[in-house]
Amino acid sequence: MVSAAILPGAVTLPGLSLQVRAVSHHFVTEGKRLDVLDRVTFSVERGSFTALVGPSGCGKSTLLRLIAGLEPPSGGKIGADNVRVVGPDPSRLLVFQDPTLFPWRNVRQNVALGLEARGLLPRERRRIDDALRLVGLDGFAGAFPNELSGGMAQRVALARVLVNDPRLLLLDEPLGKLDSLTRMAMQTELLRLWQDRGFTGLLVTHDVEEALLLSRTVIVFSARPARIVETLSVDLPYPRHRDDPTLVSLRRALLAKMNLAKDL
Amino acid sequence: MSEAIQIDRSEAPVTLAPAAPRSRHAEGKLRSELWTHGLVASGLWLSAGGVTRWWHDLTPWSRTSLFAGLEVGFAVLLGLASVFAVRTRLVARIAPYGRWLEALAIAAIGWEVLTAKTGLLPLPFFPPPQSVLEVYTDDAGRLVESAAYSMLLLLPGYFIGGAVGFGAGVAIGWSKSVHYWGHPILRFVGPLPATAWLPLAFFFLPSARSASTFLIALSTAFPVAVLTSSGIAGVSKSYYDIARTLGADTRFLIAKVAIPAALPNVFVGLFMGLGTSFAVLIVAEMMGVKAGLGWYLQWAQGWAAYANLYGALIVMAFLFSGLISLLFLVRDTVLAWQKGIVRW
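Taken in order, these protein sequences are the chains called A and B.
Per our numbering, the very first residue in the first sequence carries number 686; after that it's consecutive.
Per our numbering, the very first residue in the second sequence carries number 417; after that it's consecutive.
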């Protein structure tokens, strides 16, 4: 599809499958133990899109960090394609709520970060332009982050990740700080990218509607320490419409579950 | 100043806030075909020249006519620029300083009258401007030589100190174990003024020159190390997270994440270090080096040659503020991504 045209010559690997097995995690701050995750178990099929929802501060973001390999879990195992995750890897990439672009690098240099870190830059320079075109920012390669709007900055963050052809894209409320119009446009864009590129998507969000618009599976977490209280399949064809009656009723049911989850 | 910012913004590909209105002076200058403040300043400098030339000195000074000539010459240039060169870039650059040019002319007249013409301010402490001019015409060789000696002493020490301080700062900011050993030393020894080491340095090191280089390096290294290490330690953890997931190794994290993120701090350290190194330089030259501008000051004082003293101070002011401007120029180039940082 489009991916072939986007990255000529590059072999697009299929999305990773994900195995999360009895993962628990705690932090120790000032001698006090804070339990964040409580024996979380779930699987994600390759190429699927899954949303994690739950009360804020429940530990969903921590789970993404563990899957990215930024920290080892206190207990349990995480596997990608049934290979245990022991550290960060460019096949599993995170997009944060804040774009966290490097302010001393212009857009092009920010997008080049992954290729540069892995020594691929000289050979694969053209992929940067391809990635910028993919997120609609080809005219802004020379701009510095402090010259970009929030939506543009987040798109650069997305391009910085996509240029590495991730097989598992971990999205930690990437649209959380955008205004509602930009947010809707970016949701459509995310969906398009996912359909084009075939990566596996794992999205943490507070926005139930967003979860239902994008994902095939919605996993509902309890308050901290987070446990899974519900797994919901969304068997609707894409593109989905926010006024679709099925989606609206799913949304009501999901919100009810989340309200219950808050008290659990 | 506003002009420099506008130039920065015009290069940005994104439309930002509308360009700030041009400064009042520049606007006034553009509308009229004359630069009013320039004309007034020209007139004042002409009067200064007249006072210098035709009001008799109490005791004749050898460079009175030359000084008057320079004042008149400057007045003529200003006058021509005010009338004929209004639209040139040079005038655009100096136009905002129009009132300074007027004030300086008045100051020159006051200085002239109070010293050479009426003697209200006593000699030898208050020499007239023409006697400071005489320093430049008759003792230029020694002054230039002294300035060169000072630079040759300052710059190696400053670069060594900057490099060592930067390296130490990166190590202390990055590594926990280096921090454990290095930070207390910085905290405890850092506040000692480098000049306090002077007696020891002159004793332990083979020559006054090497001792002074060492002290200048020391005085530069401490602020650079402190600010670099705090800059490195303060880099947002999420930058490292991003880089690590993208495949960065430790070397990349230090060179491409930690150091660039800390650079604004490093430049503050370099700026502070430059300031303290000037102080150390002058003291070292006064105490033992027997060359350079510090030595020149002391030599002039010994002969009660106060005109030479003022002359050397003016040279120093130009030299040191020039060096700081140079440092800020480098910073603005390196940190071009930062907008609206403090300008010198």
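Ideal placement from N, C-alpha and C gives every residue a C-beta, glycine not left out.
For this session: Count the other CB atoms, across all protein chains shown, that sit within 10 Å of the CB of Ile601 of chain B; report buried if there are 16 or more and exposed otherwise.
Result: When all chains shown are included, Ile601 of chain B counts as exposed.
Problem set entry | Ala464 of chain B versus B:Leu496, B:Val507, B:Leu530 and B:Ala501, residue with shortest Cα-Cα distance | The shortest Cα separation from Ala464 of chain B among B:Leu496, B:Val507, B:Leu530 and B:Ala501 belongs to B:Leu530.
Problem set entry | Residue from A:Asn944, A:Val903 and A:Leu898 with nearest C-alpha to Asp928 of chain A | Out of A:Asn944, A:Val903 and A:Leu898, A:Leu898 has the C-alpha closest to the C-alpha of Asp928 of chain A.
Problem set entry | Run of the beta strand (DSSP E) containing Arg724 of chain A, from where it starts to where it stops | Lys717 to Val729
Exercise. Around the Cβ of His710 of chain A, are there at least 16 other Cβ atoms within 10 angstroms (buried) or fewer (exposed)?
Worked result: buried
Exercise. Hey, is Gly799 of chain A's beta-carbon within less than 9 Å of any beta-carbon in chain B?
Worked result: yes
Problem set entry | Coil, strand or helix - Glu756 of chain A by DSSP | coil
Problem set entry | Within the region 495-549 of chain B, ranges of the alpha helix (DSSP H) (whole runs, at least 4 residues) | 505-510 and 514-528
Exercise. By a C-beta neighbour count over all protein chains shown, 10 Å radius and 16 as the cutoff for buried, is Asn944 of chain A buried or exposed?
Worked result: exposed
Exercise. Are the region 560-578 of chain B and the region 697-710 of chain B touching, with three or more C-beta to C-beta distances below 8 Å?
Worked result: yes
Exercise. Which first and last residues belong to the beta strand (DSSP E) in which Glu915 of chain A is found?
Worked result: Ile913 to Ser918
For this session: Identify which residue in B:Leu690, B:Gly647 and B:Leu537 has its Cα closest to the Cα of Gly589 of chain B.
Result: B:Gly647
Problem set entry | Residues of the region 636-656 of chain B with Cβ closer than 8 Å to any Cβ of chain A, in chain order | With the criterion set as a beta carbon lying under 8 Å from some beta carbon of chain A, the members of the region 636-656 of chain B are Ser652, Ser654 and Tyr655, in sequence order.
Exercise. Would a check of beta-carbon distances place Leu843 of chain A closer than 9 Å to chain B?
Worked result: no
Exercise. For Val846 of chain A and chain B, any beta-carbon pair shorter than 9 Å?
Worked result: yes
Exercise. When the Cα atoms are used, what is the spatial distance from Leu843 of chain A to Val780 of chain A?
Worked result: If I take the Cα positions, the gap works out to 7 Å.
Exercise. By a C-beta neighbour count over all protein chains shown, 10 Å radius and 16 as the cutoff for buried, is Leu940 of chain A buried or exposed?
Worked result: exposed
Exercise. Checking contacts by CB at 9 Å: is Trp597 of chain B closer than that to chain A?
Worked result: no
Exercise. In whole angstroms, what is the alpha-carbon distance linking Leu887 of chain A and Val919 of chain A?
Worked result: 15 Å
Problem set entry | Residues in the region 776-795 of chain A having any Cβ partner in chain B nearer than 8 Å | Arg777, Leu778, Leu779, Phe781, Asp783, Thr785, Phe787, Pro788, Trp789, Arg790 and Asn791
Exercise. From the beta carbon of Phe829 of chain A, is the nearest beta carbon of chain B less than 9 Å away?
Worked result: yes
Problem set entry | Amino acids of chain B, ordered along the chain, whose beta-carbon sits closer than 7 Å to that of Leu888 of chain A | Per Cβ cutoff of 7 Å: no residues; Leu888 of chain A is ~17 Å from chain B at best.
Problem set entry | Per-residue contacts from Ala802 of chain A into chain B (C-beta, under 7 Å) | Ala659, Leu662, Gly663, Ala664 and Phe668
For this session: Measure the CB-CB distance between Glu518 of chain B and Val586 of chain B and report whether it falls below 9 Å.
Result: Against a cut-off of 9 Å, the Cβ pair of Val586 of chain B and Glu518 of chain B comes out as no contact.
For this session: Decide if the region 657-671 of chain B is in contact with the region 728-736 of chain B; the criterion is three or more beta carbon pairs, one per stretch, under 8 Å apart.
Result: no
Problem set entry | Neighbourhood of Ser916 of chain A by C-beta, 8 Å cutoff - its chain only, sequence neighbours within 5 removed | Reading off the sequence shown, one finds Thr at residue 916 of chain A, where the question assumed Ser. Correct list, in chain order: Phe727, Thr902, Val903, Ile904 and Val905.
Exercise. Thinking C-beta only, is Arg731 of chain A closer than 9 Å to Asp774 of chain A?
Worked result: no
Exercise. Leaving out five residues before and five after Tyr726 of chain B in sequence, what residues of the same chain have Cβ atoms less than 6 Å from its Cβ?
Worked result: Closer than 6 Å at Cβ, skipping near neighbours: Val548.
Exercise. Do you know offhand how far Ala753 of chain A's Cα is from Trp613 of chain B's?
Worked result: Taking the straight line joining both Cα atoms gives about 52 Å.
For this session: Kindly say whether Ala753 of chain A, judged by its beta-carbon, lies nearer than 9 Å to any beta-carbon of chain B.
Result: Closer than 9 Å: yes.
Problem set entry | Per-residue burial, Trp451 of chain B [other beta carbons within 10 Å of its own, 16 or more giving buried] | buried
For this session: Taking Asn794 of chain A and Gly861 of chain A to be in contact with their CB atoms under 8 Å, please state how far apart those CB atoms are, rounded to whole angstroms.
Result: Note that residue 794 of chain A is Gln in the sequence shown here, rather than Asn. Between Gly861 of chain A and Gln794 of chain A the Cβ distance is about 26 Å, and since that is not below 8 Å, they are no contact.
For this session: Determine the DSSP secondary structure at Asp766 of chain A, reduced to helix, strand or coil.
Result: coil
Problem set entry | Between the CA atoms of Asn724 of chain B and Gly444 of chain B - distance to the nearest angstrom | Model confidence at Gly444 of chain B stands at a pLDDT of 48, short of 50, so the residue's coordinates are unreliable; what they give is reported in the following sentence. Gly444 of chain B and Asn724 of chain B: Cα-Cα distance of roughly 41 Å.
Exercise. Do you know whose CA, among A:Asn831, A:Val841, A:Gly836 and A:Glu832, lies nearest Asp823 of chain A's CA?
Worked result: A:Val841
Exercise. DSSP on His472 of chain B, reduced to helix/strand/coil?
Worked result: coil
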